[in-house]
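Residue numbers (the working numbering), protein chains in the order written: chain L, 1 to 130; chain F, 1001 to 1130.
To start, the structure under review is shown below, and the notes come after it.
Number of protein chains: 2
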Amino acid sequence: MANLKFSRQRESIKEYLAGTTEHPTADTVYMHLREVYPNISLGTVYRNLSLLSNTGEVLKISCGDGSDRFDGNPNPHNHFICKQCNHVYDLEMDSIEHITKIANENFTGEVEGHITYFYGTCGSCLEKNK
Amino acid sequence: MANLKFSRQRESIKEYLAGTTEHPTADTVYMHLREVYPNISLGTVYRNLSLLSNTGEVLKISCGDGSDRFDGNPNPHNHFICKQCNHVYDLEMDSIEHITKIANENFTGEVEGHITYFYGTCGSCLEKNK
DNA sequence: TTCTTTGCAAAGCGTTTGCACTAGA
DNA sequence: TCTAGTGCAAACGCTTTGCAAAGAA
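Encoded structure:
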């Protein structure tokens, strides 16, 4: 692809994402980056986030409820979205990669993979509801 | 919820969705409805589509690539999205509902279900690529 | 009549883009 | 130097919304 040059801003975005498990939106990333680079623009954040998610260094989570979220952990793992507080959690669970094979069985085409989001109510919301 | 009154437009939207396997976007629905109701507005289409997807009569598919798609088949089934032509196909495959149980095993909260989209290359795109 | 739905147009929201300038190699 | 990245602001695409008029019960 194109030549990449170092950029403080991009580095800082990667750093921030690597250090949080919060799955922030682009706007949240922007808010945090502004503490370090007060002049950074939202456009730069978007440009770098899409660049990083294209190279696979960052994961883009499109849960279809408004804005996309980003995950600094590039290793394959699953996500849980709380219906109540909308928080996104990482799931530590056994692999479900076999479902791709199941999908392939009766399909005239090539199923390469899948995107799965689990939903329900998270622990702290269950607690609040009591 | 609220009281529902009959509406020709809503009925026509349901009818159109029930008669296609194309998983159209709101705009596509609008284009088709205009052939029957030339004065129908995009707002009406959006209002009815979200109403119908709330009651469960219609399925909303948010694949995160721009616009949402709608499916007139309310029975649980899985979808395949072609990376090349972006078409959405219904998958006839064995149930994968057990993955919800797998997700629940080590999670402090309540996993109720999941949304899964399979992706890859569809049959007709594979054919074209030859 | 009463309350829902409509058409229209404007606004909203997240995201992308054009451009002149800055900064990394 | 040369090219990639930046800040800014405007534009974009999809969706939602306010409002007065129309339509169903």
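The beta carbon of each residue, even a glycine, is placed where N, CA and C say it ideally should be.
Fair warning: this is a prediction, and the values are worked out from it, not measured in the lab.
Requested in this report: Find the residues of chain F that neighbour His114 (chain L), judging by a C-beta separation of less than 8 Å, and give them in chain order.
Outcome: To locate residue 114 (chain L), count along the first sequence from 1; it is residue 114. Thr1116, Tyr1117, Phe1118 and Tyr1119, listed in chain order.
Query raised in the report: How big is the Cα-Cα spacing for Ser41 (chain L) and Leu1033 (chain F)?
Result: As a working note, residue 41 (chain L) is residue 41 in the first sequence. As a working note, residue 1033 (chain F) is residue 33 in the second sequence. Going by C-alpha positions, Ser41 (chain L) is about 42 Å away from Leu1033 (chain F).
Report task. Go through its chain and collect everything with a Cβ distance to Arg8 (chain L)'s Cβ below 8 Å, but skip five positions before and after it. Result -> As a first step, residue 8 (chain L) must be located in the first sequence, where it is residue number 8. Cβ within range, chain order: Tyr37.
Query - Beta-carbon gap between Leu61 (chain L) and His77 (chain L) smaller than 8 Å - result: Position 61 of the first sequence, counted from the first residue, corresponds to residue 61 (chain L). Position 77 of the first sequence, counted from the first residue, corresponds to residue 77 (chain L). A small correction: the amino acid at residue 61 (chain L) is Ile; Leu does not occupy that position in the sequence shown. No, they are not a contact pair.
Report task. Report yes or no: is there a C-beta of chain L within less than 8 Å of the C-beta of Ser1062 (chain F)? Result -> Locating residue 1062 (chain F) in the second sequence gives position 62, counting from the first residue. Chain L, which has a Cβ nearer than 8 Å to the Cβ of Ser1062 (chain F), makes this yes.
Report task. Answer yes or no: do Lys14 (chain L) and Leu52 (chain L) have a C-beta to C-beta separation smaller than 8 Å? Result -> Position 14 of the first sequence, counted from the first residue, corresponds to residue 14 (chain L). Position 52 of the first sequence, counted from the first residue, corresponds to residue 52 (chain L). Judged by their CB atoms, Lys14 (chain L) and Leu52 (chain L) are nearer to each other than the 8 Å cut-off.
Query raised in the report: Of all the CB atoms in chain L, is at least one closer than 8 Å to the CB of Phe1080 (chain F)?
Result: For the purposes of this step, residue 1080 (chain F) is taken as residue 80 along the second sequence, with counting starting at 1. By this cut-off, Phe1080 (chain F) is an interface position.
Requested in this report: Go through its chain and collect everything with a Cβ distance to Lys83 (chain L)'s Cβ below 7 Å, but skip five positions before and after it.
Outcome: Looking up residue 83 (chain L) in the first sequence gives position 83. Tyr119, Gly120 and Thr121.
Requested in this report: Look at the alpha carbon of Glu1097 (chain F) and the alpha carbon of Gly1113 (chain F), and state the distance between them as a whole number of angstroms.
Outcome: The residue you call residue 1097 (chain F) lines up with position 97 of the second sequence. The residue you call residue 1113 (chain F) lines up with position 113 of the second sequence. Distance between the alpha carbons of Glu1097 (chain F) and Gly1113 (chain F): 8 Å.
Report task. Assuming Gly1066 (chain F) contacts Thr1020 (chain F) (C-beta within less than 8 Å), just tell me the rounded distance between them. Result -> On the second sequence, position 66 is the one that residue 1066 (chain F) refers to. On the second sequence, position 20 is the one that residue 1020 (chain F) refers to. Going by Cβ atoms, the distance from Gly1066 (chain F) to Thr1020 (chain F) rounds to 20 Å, so no, they are not a contact pair.
Query raised in the report: Mind checking whether Thr116 (chain L) and Arg69 (chain L) have CB atoms under 8 Å apart?
Result: Mapped onto the first sequence, residue 116 (chain L) falls at position 116. Mapped onto the first sequence, residue 69 (chain L) falls at position 69. In this structure, Arg69 (chain L) does not lie closer than 8 Å to Thr116 (chain L) by Cβ.
Requested in this report: Under 8 Å between beta-carbons, which chain F residues line up against Asp94 (chain L)? List them in chain order, please.
Outcome: Start at 1 with the first residue of the first sequence, and residue 94 (chain L) comes out as number 94. Neighbours of Asp94 (chain L) on chain F, chain order: Ile1102 and Glu1105.
Report task. Compute the Euclidean distance between the alpha carbons of Asn1075 (chain F) and Met31 (chain L), then round it to the nearest angstrom. Result -> Start at 1 with the first residue of the second sequence, and residue 1075 (chain F) comes out as number 75. Start at 1 with the first residue of the first sequence, and residue 31 (chain L) comes out as number 31. Looking at the two C-alpha atoms, the distance is approximately 42 Å.
Query raised in the report: Which first and last residues belong to the alpha helix (DSSP H) in which Gly1120 (chain F) is found?
Result: Within the second sequence, numbered from 1, the residue matching residue 1120 (chain F) stands at position 120. That residue, Gly1120 (chain F), is in no alpha helix (DSSP H); its beta strand (DSSP E) goes Gly1109 to Cys1122.
Query raised in the report: Cα-Cα, which of L:Glu57, L:Gly43 and L:Cys125 is closest to Val88 (chain L)?
Result: Stepping through the first sequence from its first residue, residue 88 (chain L) is reached at position 88. Comparing Cα positions, the closest option is L:Cys125.
**Report entry** Opposing strand residues paired with Tyr1089 (chain F) [DSSP bridges]
**Finding:** The sequence position of residue 1089 (chain F) within the second sequence is 89, counting from 1. Note: Tyr1089 (chain F) sits in a beta bridge opposite F:Phe1080.
Report task. Compare the C-beta of Leu1059 (chain F) with all C-beta atoms of chain L and state if any pair is closer than 8 Å. Result -> The sequence position of residue 1059 (chain F) within the second sequence is 59, counting from 1. Cβ-Cβ to chain L under 8 Å: no for Leu1059 (chain F).
Report task. Find the nearest neighbour of Arg10 (chain L) within the set L:Gly56, L:Leu91, L:Leu49 and L:Asn86, judged by alpha-carbon distance. Result -> Mapped onto the first sequence, residue 10 (chain L) falls at position 10. Nearest C-alpha to Arg10 (chain L): L:Leu49.
**Report entry** Min CB distance Val36 (chain L) to chain F below 8 Å
**Finding:** Here residue 36 (chain L) refers to the residue found at position 36 of the first sequence. It does not; no Cβ of chain F falls within 8 Å.
Requested in this report: Could you tell me whether the Cβ of Glu1110 (chain F) comes closer than 8 Å to any Cβ of chain L?
Outcome: By 1-based counting over the second sequence, the position of residue 1110 (chain F) is 110. Yes, its Cβ sits closer than 8 Å to a Cβ of chain L.
**Report entry** Lys60 (chain L): first and last residue of the uninterrupted alpha helix (DSSP H) it sits in
**Finding:** Position 60 of the first sequence holds residue 60 (chain L). Not the alpha helix (DSSP H): Lys60 (chain L) falls in the beta strand (DSSP E), residues Leu59 to Ile61.
Query - Which of helix, strand or coil DSSP assigns to Asp1094 (chain F) - result: Taking the second sequence and counting its residues from 1, the one referred to as residue 1094 (chain F) is at position 94. Asp1094 (chain F): coil per DSSP, three-state reduction.
Query - Under the three-state DSSP convention, the category Thr1028 (chain F) falls into - result: As a first step, residue 1028 (chain F) is located in the second sequence; it is residue number 28 there, counting from the start. When secondary structure is reduced to three states using DSSP, Thr1028 (chain F) falls in the helix class.
Query raised in the report: Taking 8 Å as the CB-CB cut-off, is Cys1085 (chain F) touching chain L?
Result: Taking the second sequence and counting its residues from 1, one reaches residue 1085 (chain F) at position 85. Chain L contact via Cβ: absent.
Requested in this report: Using a Cβ-Cβ cut-off of 8 Å, state whether Leu1052 (chain F) counts as contacting chain L.
Outcome: For the purposes of this step, residue 1052 (chain F) is taken as residue 52 along the second sequence, with counting starting at 1. Chain L, which has no Cβ nearer than 8 Å to the Cβ of Leu1052 (chain F), makes this no.
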